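The structure under discussion appears below in the form of structure tokens.
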């Protein structure tokens, strides 16, 4: 992701009311994660795995924050236990803002299977999801995500496609 | 030392702290010994201390307590590193270490072998990490933890047992709503914002 898109997306995220972010480094998200970590508009926590990050976000939401975890596609696989046993069981929302490794156009062989199962994985967890390909779509998408989080009390997923996360 | 003894000692010390408990008997025994609106019971294994960390970082002026277990924290040891690095002064993790998966048959955990959770917590950067074997020591350290700056990790070596417990007539969702309403009331804030016909948030 380039710096301009990172700033656009980070600003839109904050403007939509998100103010607590858990992050674990991912190469296509570095610029966004760095921007969010430096921003005064977010309380940021660097975590050791995405399941832990989702659980920390759950605690933040219980305390009144509007949380987002910024994670790689494989991190969603790691998060499934926390998302089901904590968020879905108790009814706790968190936004998952992720890459789409293995999505259309990804050239890495090791990501292919993860990307192939991602839509079914999210659907099986009853997590509403939208794939976004332009930073300009983010402002309205984040607002919609927050509305759905508040009404459903369930996690919501926004997946940034390969074109967006690899744009120079 | 028994977990129920620790909970009885802890009960009169609590004021407005937020408490999140582990699964199974830790949740049931807490509900019996310290029934209060500021408790969230039966969080999944491996998730107790991370959820409490999220609470602690978001409400830094308020005490938060994890009533965790050895099997649970072993499932997510990275959480100790995150607690150590962010070092919230308001966080207390009480880990009831019975060296076994007591609720599911009693097979040993790693702490029945060579693993020492208090030393792992110290190595993760949590200076106030102690192993406790006597109830008097628990009372002393719990008192200090509630009054002093954390984070604290109190590893309580307790018996592996399955004492009879009363049913907790409340599921996780009702518990969550009551827990959040308690936070809303005591913090003077609004957390639950259900959809309302005609309302369009920005």
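Chains as they are written, first to last, in my numbering: chain A, 1 to 168; chain B, 169 to 370.
For each residue, glycine too, the CB sits at the ideal point set by N, CA and C.
This structure is a prediction, so every number in the text was calculated from the model and none was measured.
#1: Does the beta carbon of residue 249 of chain B sit closer than 7 Å to a beta carbon anywhere in chain A?
#2: At the 7 Å Cβ level, is residue 112 of chain A part of the contact set with chain B, yes or no?
#3: If we count the other Cβ atoms within 10 Å of its Cβ and call it buried at 16 or more, is residue 62 of chain A buried or exposed?
#4: Run through DSSP, which three-state label would residue 257 of chain B get?
#5: Would you call the segment 337-354 of chain B in contact with the segment 199-212 of chain B, where contact means no fewer than 3 C-beta pairs closer than 8 Å?
#6: Over what stretch of residues does the beta strand (DSSP E) that includes residue 120 of chain A continue unbroken?
#7: Taking the beta carbon of residue 110 of chain A as the centre, do at least 16 other beta carbons fall within 10 Å, making it buried, or is it exposed?
#8: Entirely within the segment 201-246 of chain B and at least 3 residues each: give me those beta strand (DSSP E) ranges in chain order.
#9: Examine chain B for any beta-carbon lying closer than 7 Å to the beta-carbon of residue 85 of chain A, and answer yes or no.
#10: Would residue 150 of chain A and residue 312 of chain B be called neighbours here (beta carbons separated by less than 7 Å)?
#11: Tell me the rounded alpha-carbon separation between residue 201 of chain B and residue 171 of chain B.
#12: Name the residues in the segment 240-273 of chain B whose C-beta lies less than 7 Å from a C-beta of chain A; which are they?
#13: Pull out every residue of the segment 44-58 of chain A whose Cβ sits closer than 9 Å to any Cβ of chain B, in chain order.
#14: List in chain order: all unbroken beta strand (DSSP E) runs of 3+ residues lying wholly within the segment 37-66 of chain A.
#15: If you run the structure through DSSP and keep just helix, strand and coil, what is residue 189 of chain B?
#16: For residue 318 of chain B and chain A, any beta-carbon pair shorter than 7 Å?
#17: Measuring alpha carbon to alpha carbon, tell me which of B/250, B/230, B/329 ends up nearest residue 275 of chain B.
#18: Report, in whole angstroms, the separation of the C-beta atoms of residue 238 of chain B and residue 267 of chain B, which I expect to be a contact under 8 Å.
#19: For a contact meaning CB atoms closer than 8 Å, what does residue 357 of chain B contact in chain A?
#20: Quick one: does residue 341 of chain B have its CB under 7 Å from some CB of chain A?
#21: Could you pull out every residue in the same chain whose Cβ sits closer than 6 Å to the Cβ of residue 314 of chain B, ignoring the five residues on either side in sequence?
#22: What three-state label does DSSP hand residue 18 of chain A in the structure shown?
#23: So, helix, strand or coil for residue 326 of chain B, using DSSP?
#24: Measuring straight from C-alpha to C-alpha, what distance separates residue 76 of chain A and residue 282 of chain B?
#25: Out of A/85, A/167, A/89, which has the shortest C-alpha to C-alpha gap to residue 133 of chain A?
#26: Taking a contact to mean a Cβ-Cβ separation below 7 Å, would you say residue 225 of chain B touches residue 251 of chain B in this structure?
#27: Would you tell me roughly how many angstroms separate the C-alpha atoms of residue 155 of chain A and residue 94 of chain A, rounded to the nearest one?
#28: Hey, could you find the ends of the beta strand (DSSP E) residue 296 of chain B is sitting in?
#29: Look at the alpha carbon of residue 101 of chain A and the alpha carbon of residue 140 of chain A, and state the distance between them as a whole number of angstroms.
#30: Measure the alpha-carbon distance for residue 355 of chain B versus residue 184 of chain B and round it to whole angstroms.
#31: Which residue's Cα is closest to the Cα of residue 138 of chain B: B/332, B/249, B/307, B/236?
#32: Verify whether the separation of the beta carbon atoms of residue 128 of chain A and residue 114 of chain A is less than 7 Å.
#33: Is there at least one Cβ from chain A nearer than 7 Å to residue 344 of chain B's Cβ?
#34: Give me, in chain order, the residues of the same chain whose beta-carbon lies closer than 7 Å to that of residue 9 of chain A; leave out the 5 immediate sequence neighbours on both sides.
#35: Would you say residue 222 of chain B faces chain A, with C-beta separation under 7 Å as the test?
Inspection of the coordinates gives the following:
#1: By this cut-off, residue 249 of chain B is an interface position.
#2: Taking Cβ atoms only, chain B never reaches closer than 7 Å to residue 112 of chain A, which makes this a no.
#3: Sixteen is the threshold: when 16 or more other Cβ atoms of the shown chains lie within 10 Å of the Cβ of residue 62 of chain A, as they do, the residue is buried.
#4: Taken through DSSP and simplified to helix, strand or coil, residue 257 of chain B comes out as coil.
#5: In short, these stretches touch, since the Cβ pair count reaches three.
#6: Run containing residue 120 of chain A: none in the beta strand (DSSP E); it sits in the alpha helix (DSSP H), 112-124.
#7: By the 10 Å Cβ count, residue 110 of chain A comes out exposed.
#8: The DSSP assignment places 232-237 as complete runs of the beta strand (DSSP E) inside the segment 201-246 of chain B, in order along the chain (cut-off: 3 residues).
#9: So, interface residue.
#10: The Cβ atoms of residue 150 of chain A and residue 312 of chain B lie no closer than 7 Å to each other.
#11: Cα to Cα, the separation comes out at about 11 Å.
#12: Hits within the stretch, in order: 244, 246, 247, 249, 250, 254.
#13: With the criterion set as a beta carbon lying under 9 Å from some beta carbon of chain B, the members of the segment 44-58 of chain A are 45, 46, 47, 48, 49, 51, 52, 53, 54, 55, 56, 57, 58, in sequence order.
#14: For secondary structure counted as the beta strand (DSSP E) over 3 or more consecutive residues, the segment 37-66 of chain A holds these complete runs in sequence order: 43-46.
#15: In the structure shown, the three-state DSSP call for residue 189 of chain B is strand.
#16: Put simply, the CB of residue 318 of chain B is far from chain A, with every gap to its CB atoms at 7 Å or more.
#17: If we check each option's Cα against that of residue 275 of chain B, B/329 comes out closest.
#18: Rounded, the Cβ-Cβ distance is 7 Å, consistent with contact.
#19: Taking the beta carbon of residue 357 of chain B as reference, the chain A residues within 8 Å of it are 64, listed in sequence order.
#20: For residue 341 of chain B, the answer is yes, since a Cβ of chain A falls inside 7 Å of its Cβ.
#21: Spatial neighbours of residue 314 of chain B in its own chain (CB-CB distance under 6 Å, excluding positions within 5 residues in sequence) are listed in chain order as 181.
#22: In the displayed model, residue 18 of chain A falls within coil according to three-state DSSP, outside both helix and strand.
#23: For residue 326 of chain B, the secondary structure class from DSSP, reduced to helix, strand or coil, is coil.
#24: Distance between the alpha carbons of residue 76 of chain A and residue 282 of chain B is about 33 Å.
#25: Among A/85, A/167, A/89, the Cα nearest to that of residue 133 of chain A is on A/167.
#26: Cβ distance not < 7 Å, so residue 225 of chain B and residue 251 of chain B don't count as in contact.
#27: Approximately 5 Å, taken between the alpha carbons.
#28: The continuous beta strand (DSSP E) containing residue 296 of chain B extends over residues 296-300.
#29: The alpha-carbon of residue 101 of chain A is positioned some 23 Å away from that of residue 140 of chain A.
#30: Separation of residue 355 of chain B and residue 184 of chain B (C-alpha to C-alpha, rounded to the nearest whole angstrom) is 10 Å.
#31: Residue 138 of chain B is absent from the model: chain B starts at 169 and stops at 370.
#32: Not a contact, by the Cβ cut-off of 7 Å.
#33: Closer than 7 Å to some Cβ of chain A, the Cβ of residue 344 of chain B qualifies, so yes.
#34: Closer than 7 Å at Cβ, skipping near neighbours: 32, 135, 138.
#35: Closer than 7 Å: yes.
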